[in-house]
Amino acid sequence: MSKSIALILSLFFLNCRPLESVRVTVYHITGLTASGEHTDSIAAPFVAISRDLLVKYPLHSTIKLLDCPYEGIYLVKDKMNKRIVNTVDVFSTDASRKYDPCDCLIDMHTLEIADNFADSLKSAELIIKD
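So the sequence shown is numbered by our numbering: it starts at 29 and just counts up by one.
The following block contains the structure:
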């Protein structure tokens, strides 16, 4: 029984990660995103993310931006040019407005972590039963 508790706790702490700071800019473009969807057809707020961050926050995942003017929950639908690092572009439908870049904290959206944790628990239970 103690092995199963230790396994569950270790899986929980794997999903807990410190928040990191990223540069946030705003963009407006009409066309296809890296996820294959046209920008005009995506209803939910979405972002493009620099390729170095794609490992932690892959396409189609949900991120949360904190402590900045662009605070909110966004879908990762696009990726940025290779030369750009540690940056998130928030998509805006207003091309006429000027936006100032800022630094924000980024995290995986909580519900996604909870879902991953639930999946991890199911996997752990299967391992323990065997």
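Built from N, CA and C at the ideal position, the CB exists for glycine as well.
Start and end residues, beta strand (DSSP E) containing residue i
i	result
Thr90	Thr90 to Leu94
Ile101	Gly100 to Lys107
Ser49	Glu48 to Tyr55
Reference residue i; option with closest CA among the options
i	options	result
Ser89	Ile57, Asp95 and Ile101	Ile101
Glu99	Val116, Arg125 and Ser78	Val116
Val52	Val104, His137, Cys130 and Ile134	Cys130
Val50	Asp68, Ile77 and Ala71	Ile77
Ile112	Ile134, Pro86, Tyr85 and Leu81	Leu81
Ile70	Lys110, Val104 and Arg79	Val104
Pro46	Ala123, Lys84, Val75 and Ser63	Lys84
Pro73	Lys92, Pro86 and Gly59	Lys92
Asn114	Leu94, Cys132 and His137	Cys132
Proximity test, residue i beta-carbon vs the ligand HEM heavy atom, cut-off 8 Å
i	result
His137	Of ligands this structure carries none, so the ligand HEM is not represented either.
Counted within 10 angstroms of its Cβ, other Cβ atoms place residue i as buried (16 or more) or exposed
i	result
Thr171	The chain is shown only over 29 to 158; residue 171 falls outside these bounds and no answer can be derived.
Glu48	exposed
Asp128	exposed
Ile57	exposed
Lys107	buried
Ala142	Per-residue confidence for Ala142 stands at a pLDDT of 48, beneath the threshold of 50, marking its modelled position as unreliable; the derived number appears in the next sentence. That one is exposed.
Phe119	buried
Bridge-paired residues (DSSP) for residue i
i	result
Ala76	Asp106 and Asp117
Ile134	Glu48 and Leu93
Leu60	His66
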